[in-house]
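Take 0 as the starting number for the sequence shown in numbering that gives the first Met the number 0 and just add one per residue.
We treat Cβ as the ideally placed atom computed from N, Cα and C, and that holds for glycine.
The structure displayed is predicted, hence computed values, not measured ones.
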Amino acid sequence: MSGSDCLDAQFSAKCGLKTSDSDNKHLECVPMLLMDVKHCSASSPTFFEAFDGKVHFRTIMVHARIVGKLVLSKNNGHYKFEIDDNTSILPLFIPKKEGDILELQRLRNEVFIRKSIKENSDILIALEKLLNKTRKQLDPSRIAVGNKVFVFGRPDLFRGQVGVFGFSWDIDTGCDRTMELAFKDEIIDWYMNIYKTSKR
0 MSGSDCLDAQ FSAKCGLKTS DSDNKHLECV PMLLMDVKHC SASSPTFFEA FDGKVHFRTI
60 MVHARIVGKL VLSKNNGHYK FEIDDNTSIL PLFIPKKEGD ILELQRLRNE VFIRKSIKEN
120 SDILIALEKL LNKTRKQLDP SRIAVGNKVF VFGRPDLFRG QVGVFGFSWD IDTGCDRTME
180 LAFKDEIIDW YMNIYKTSKR
């Protein structure tokens, strides 16, 4: 399987037509352009509609560049970014998850202590790598203006303003743009075959 085929398989697995158990067939993890996120409406606090009510979903995936960053107060507990995917600019909110970061640090310390005993060292090294990767995923402070990011989340609708609330995210560090292109292939397929917006 080529690298491109592998990426296509990853996106198909993550962004497939996953539905809830309800009759309304709410989709999960749907790729969407920011210009269309901007026009979403909420049918309930956790269910959303797009394309004039033709598409019902719970969660979305977007790929965009960070064009602005603001750290909000400790009371708010979120980082606010401005993201741009060349169709629109929207605010992105990512929780700080400080409690999770502290717990992760405790686990890393535990692994460090156990490594000195020299038992199960292969497992502990693998666990340490996993904890380090998880630590990066929990800390939005490392996201910088100019970074491209993949965001899994939901529309954030508040007082007539629309943004994206991110549950999880990853910085797209690929210099060859392979992941970005794979995402764009997936989003084109959704817009042509599922959203059926090619004639808009």
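Note: F149 is bridge-paired with H62 and D169 in the DSSP secondary-structure output.
Shown here, D155 sits in a strand according to DSSP, grouped into three states.
Between I93 and the set K132, C174 and L69, the nearest pair of CA atoms involves L69. For I116, the secondary structure class from DSSP, reduced to helix, strand or coil, is coil. Going by DSSP, D83 is part of the beta strand (DSSP E) stretching over H77 to D83. For I187, the enclosing alpha helix (DSSP H) begins and ends at T177 to D188. Excluding sequence positions up to five before and after W189, its CB lies within less than 6 Å of the CB of P30, all in the same chain and listed in chain order. A direct Cα-Cα distance of roughly 19 Å separates R141 from R107. Under the three-state reduction of DSSP, A41 is assigned to strand. Sequence-distant partners of N119 (beyond 5 residues in either direction) whose C-beta falls short of 8 Å from its own C-beta, in its chain, are R113.
Within 10 angstroms of the beta-carbon of P44 lie fewer than 16 other beta-carbons, which makes it exposed. The C-beta distance from E179 to H25 rounds to 27 Å, too long to fall under 8 Å, and the pair is not in contact.
DSSP links K68 through a beta bridge to F80.
Assignment of V144 by DSSP, reduced to helix, strand and coil, places it in the coil class. L89: member of the beta strand (DSSP E) spanning I88 to P94, first to last residue.
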